[in-house]
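Numbering-wise (the working numbering), the sequence shown opens with residue 1 and increments by one.
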Amino acid sequence: MPQDYDVTRQVWEGKVPVEFVLAAHECTIIDAPKPYYAMLPRISYFPLALERAYKYFMSAVDESEVNKDDVWLEYDGYPLKWHYPVGVLFDLHKTDDVLPWQITVHLKKFPEDDIIRCAGRDALESMFMQSLKEADQLKHRGEIVNTMQKRDHKQLWNGLVNDRFDQFWLVNKKLMENSGSNTFHFVPMRLYKTDKPYRQVLVKPMNEAAERTTLAEACRIFDPDFDSSSSRVVSHGVEVPLDTPVIWLAENLAYPDNFVHISILSS
Numbered sequence: 001m002p003q004d005y006d007v008t009r010q011v012w013e014g015k016v017p018v019e020f021v022l023a024a025h026e027c028t029i030i031d032a033p034k035p036y037y038a039m040l041p042r043i044s045y046f047p048l049a050l051e052r053a054y055k056y057f058m059s060a061v062d063e064s065e066v067n068k069d070d071v072w073l074e075y076d077g078y079p080l081k082w083h084y085p086v087g088v089l090f091d092l093h094k095t096d097d098v099l100p101w102q103i104t105v106h107l108k109k110f111p112e113d114d115i116i117r118c119a120g121r122d123a124l125e126s127m128f129m130q131s132l133k134e135a136d137q138l139k140h141r142g143e144i145v146n147t148m149q150k151r152d153h154k155q156l157w158n159g160l161v162n163d164r165f166d167q168f169w170l171v172n173k174k175l176m177e178n179s180g181s182n183t184f185h186f187v188p189m190r191l192y193k194t195d196k197p198y199r200q201v202l203v204k205p206m207n208e209a210a211e212r213t214t215l216a217e218a219c220r221i222f223d224p225d226f227d228s229s230s231s232r233v234v235s236h237g238v239e240v241p242l243d244t245p246v247i248w249l250a251e252n253l254a255y256p257d258n259f260v261h262i263s264i265l266s267s
């Protein structure tokens with residue numbers, strides 16, 4: 001099942017309008033700063049946008065009381081996990097149609113029990129590359145990613161950071177090879193529910209009947225109690241038909257880390 005270039009490109013170009021607002025009780029000046037606005041790629045990560053927002057809000061706080069490592073984001077009472085893609089967080093937590101997505105920026109009182117700290121852009125890059133290598137281990141037993149050179153890894157990362165599809169895809173297309181001796185052994189998938197860590201299990205492209213594994217079958221592998229009548233299955237902001245073959249999802253809807261990220265929401 002070949003990739004659909006138009007779908008892949010549209011997935012990459014998906015954006016979320018975000019309104020960053022400084023937590024009111026952390027502002028130390030009389031007039032609170034205006035919000036900071038940004039159009040963030042769904043396939044990207046919040047730490048890549050936080051540096052500018054952080055600098056923007058520093059004029060409104062006492063810098064001597066702020067540690068950059070204590071910065072965290074909140075929406076509707078939920079601390080946002082920095083290592084989840086922006087689009088996944090939006091799909092999980094945004095329950096209405098109001099835009100832009102208003103996110104509260106906190107500079108103090110990091111919620112240690114709820115989320116882990118991001119140690120900077122290098123930590124994010126390391127996490128991303130580890131995830132990408134894991135995905136290729138599932139698809140090709142690591143045979144493709146292990147033959148890549150460091151400059152290939154950097155090109156993938158820089159393509160994501162700079163939002164350059166062609167730069168990224170020039171290398172990533174090798175990881176998406178699904179023919180001949182490079183057919184996928186498993187489909188890299190992660191399933192998300194609000195208030196729970198994501199789940200990851202082995203999903204084969206073909207089921208025991210030698211038919212293409214569908215999204216519905218994959219959801220039941222993840223959760224035997226999955227009820228399609230009371231659930232919406234979403235990726236990239238779109239409700240995905242449950243009869244969609246998971247191999248098509250892997251080839252066309254995978255995030256840059258090469259995983260298919262699926263959110264199961266109450267209907």
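Don't be surprised by glycine CBs; every beta carbon is placed ideally from N, CA and C.
Helix, strand or coil at residue i according to DSSP, with G and I counted as helix
i      : result
MET1   : Only weak support is given to the placement of MET1: the predicted model assigns it a pLDDT of 45, under 50, and the question is left unresolved by the model.
ALA38  : strand
PHE20  : strand
HIS83  : coil
GLU51  : helix
HIS261 : strand
GLU74  : strand
ILE103 : strand
SER235 : strand
LEU341 : The shown model of the chain, from 1 to 267, leaves out residue 341, and the question about it has no answer.
LYS94  : coil
ARG121 : helix
TYR198 : strand
Beta-carbon proximity of residue i to residue j, cut-off 8 Å
i      : j      : result
LEU92  : TYR192 : yes
TRP12  : PHE165 : yes
MET268 : PHE259 : The question about residue 268 has no answer here: the residues shown for the chain are numbered 1 through 267.
PRO322 : THR213 : This structure cannot speak to residue 322, because the chain is shown only from 1 to 267.
ALA271 : ALA60  : Examination of residue 271 is not possible in this model, given that the chain is present from 1 through 267 alone.
LYS34  : TYR54  : no
ASP70  : LEU107 : yes
LEU124 : PRO47  : yes
TRP72  : ILE115 : yes
GLY87  : GLY237 : yes
LYS173 : ILE144 : no
CYS219 : ILE247 : no
SER44  : PRO85  : yes
Min CB distance residue i to chain C below 8 Å
i      : result
ILE144 : No chain C is present in this structure, which holds just one protein chain.
CB-CB length for residue i against residue j, believed under 8 Å
i      : j      : result
PHE186 : LEU202 : 5 Å
ASP163 : PRO17  : That pair is no contact at about 15 Å.
TRP101 : GLU19  : 7 Å
MET176 : GLU251 : 6 Å
ASP243 : ALA210 : Contact doesn't hold; Cβ gap of about 17 Å is too wide.
VAL171 : ASP195 : Actually they are not in contact, since the Cβ atoms of VAL171 and ASP195 sit about 36 Å apart, beyond 8 Å.
PHE128 : ASP6   : In fact, because the Cβ distance is near 25 Å, the residues do not count as touching under 8 Å.
Distance cut-off 7 Å: residue i Cβ against heavy atoms of the ligand COA
i     : result
CYS27 : By its list of ligands, the structure shown contains no ligand whatsoever, and the ligand COA lies outside what it can speak to.
Do three or more CB pairs link the segment 149–164 to the segment 123–132 at distances below 8 Å?
They touch, by the three-pair rule.
Contact between the segment 30–38 and the segment 224–238 (3+ Cβ pairs under 8 Å):
Taking 8 Å as the limit for Cβ pairs, the verdict is that the segment 224–238 does not touch the segment 30–38.
Quick one: complete beta strand (DSSP E) runs, 3+ long, within the segment 137–184?
Counting whole runs of 3 or more residues, the segment 137–184 contains no beta strand (DSSP E) stretch at all.
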